[in-house]
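Engineer:
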Amino acid sequence: MSNMFFSYFPGKSLIHELDPRTKLLALFLFSILVFASQTLEQFLFVFICFLFIAFISKTKPRVYWYSLRPLIVFFLLIFIMQLLFTDGNEIISFINTSITYEGLYLGLTVISRFVFLILFATVLTSTTRPSMITNGIERILRPLPLKYMGISSHELATMMSLSIRFIPELFENAKEIKDAQVSRGMDPSRSFLKSISSISIPLVSNSLNYVEELVIAMENRCFQGQERTNLYELKMDKSDWISLLILCSLLISYLYFT
Numbered sequence: 004m005s006n007m008f009f010s011y012f013p014g015k016s017l018i019h020e021l022d023p024r025t026k027l028l029a030l031f032l033f034s035i036l037v038f039a040s041q042t043l044e045q046f047l048f049v050f051i052c053f054l055f056i057a058f059i060s061k062t063k064p065r066v067y068w069y070s071l072r073p074l075i076v077f078f079l080l081i082f083i084m085q086l087l088f089t090d091g092n093e094i095i096s097f098i099n100t101s102i103t104y105e106g107l108y109l110g111l112t113v114i115s116r117f118v119f120l121i122l123f124a125t126v127l128t129s130t131t132r133p134s135m136i137t138n139g140i141e142r143i144l145r146p147l148p149l150k151y152m153g154i155s156s157h158e159l160a161t162m163m164s165l166s167i168r169f170i171p172e173l174f175e176n177a178k179e180i181k182d183a184q185v186s187r188g189m190d191p192s193r194s195f196l197k198s199i200s201s202i203s204i205p206l207v208s209n210s211l212n213y214v215e216e217l218v219i220a221m222e223n224r225c226f227q228g229q230e231r232t233n234l235y236e237l238k239m240d241k242s243d244w245i246s247l248l249i250l251c252s253l254l255i256s257y258l259y260f261t
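Okay, so the sequence shown: first residue is 4 according to this note's numbering, each after it adds one.
1) Helix, strand or coil, according to DSSP, for Ser155 in the structure here?
2) Could you pull out every residue in the same chain whose Cβ sits closer than 6 Å to the Cβ of Ile56, ignoring the five residues on either side in sequence?
3) Tell whether a beta-carbon distance below 8 Å holds between Ile170 and Phe9.
4) Can you tell me the Cα-Cα spacing of Val207 and Pro146, whole angstroms?
5) Secondary structure at Thr261, three-state DSSP: helix, strand or coil?
6) Taking Gln85 as the reference, give the member of Phe97, Met163 and Glu105 with the closest Cα.
7) State the start and end residues of the unbroken alpha helix (DSSP H) segment that holds Thr137.
8) Report all residues from its chain with a CB closer than 8 Å to the CB of Arg24; omit the five preceding and five following residues, and keep chain order.
9) For Ser252, which three-state DSSP category applies?
10) Taking the C-alpha atoms as reference points, what is the distance between Thr261 and Ser60?
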């Protein structure tokens, strides 16, 4: 099930039918909403928005769980760092270290923002094919003068799409390496650092091999990063414009009244 992380799942929902540009812009607007949230009531409002989006996308709840599960350790580290290294009103102290109300608040706030960003991004990746995400990013970036920076919108969109596509493969490969090491007698519960090194080293090696194979495949197909025509031309219809209008109105009202 580790390949559920940022993977696409076919379906017939309103979110699936939207133009990828609409969903990318919606993710950007929801990101602003998340970063603008600071209080419990504001995060509750963001959570209600996510539940509504998740409901109409018809994505199974376990998909969101498998997107968050690999990052739990990262969330804990961020929370502990904020908890231990933020000055303020002391709650408790031990071994020359103080836990403050401000650290607790900042830790919960940062983690909540990361969690909601991952959840909203999961809605995008689970309802949009990677190729359509690439086309959407390219069409959004096309009006920008990127050629003066020595890069085309297609190149940038391809890099971002490959990064998204590579994440599920990375976690799947890590799981396979872990299972192989356990079958050879490794006990992750006895030596955490040793188990991490025994997984990370072959994972990095496999990742480099994967990148090298990808580069060779792209060169064999004469990839040059130039703009090209698409098999499916993107076209925003009434539902896309209505969705963006509702989201923009929601964001403006949220920022104005909070």
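All C-beta atoms, glycine included, are put in the ideal place defined by N, C-alpha and C.
Structural biologist: With the structure as the only source:
1) coil
2) Val126
3) yes
4) 37 Å
5) coil
6) Glu105
7) Pro133 to Leu144
8) Gly139, Arg142, Ile143, Leu237, Met239 and Asp243
9) helix
10) 28 Å
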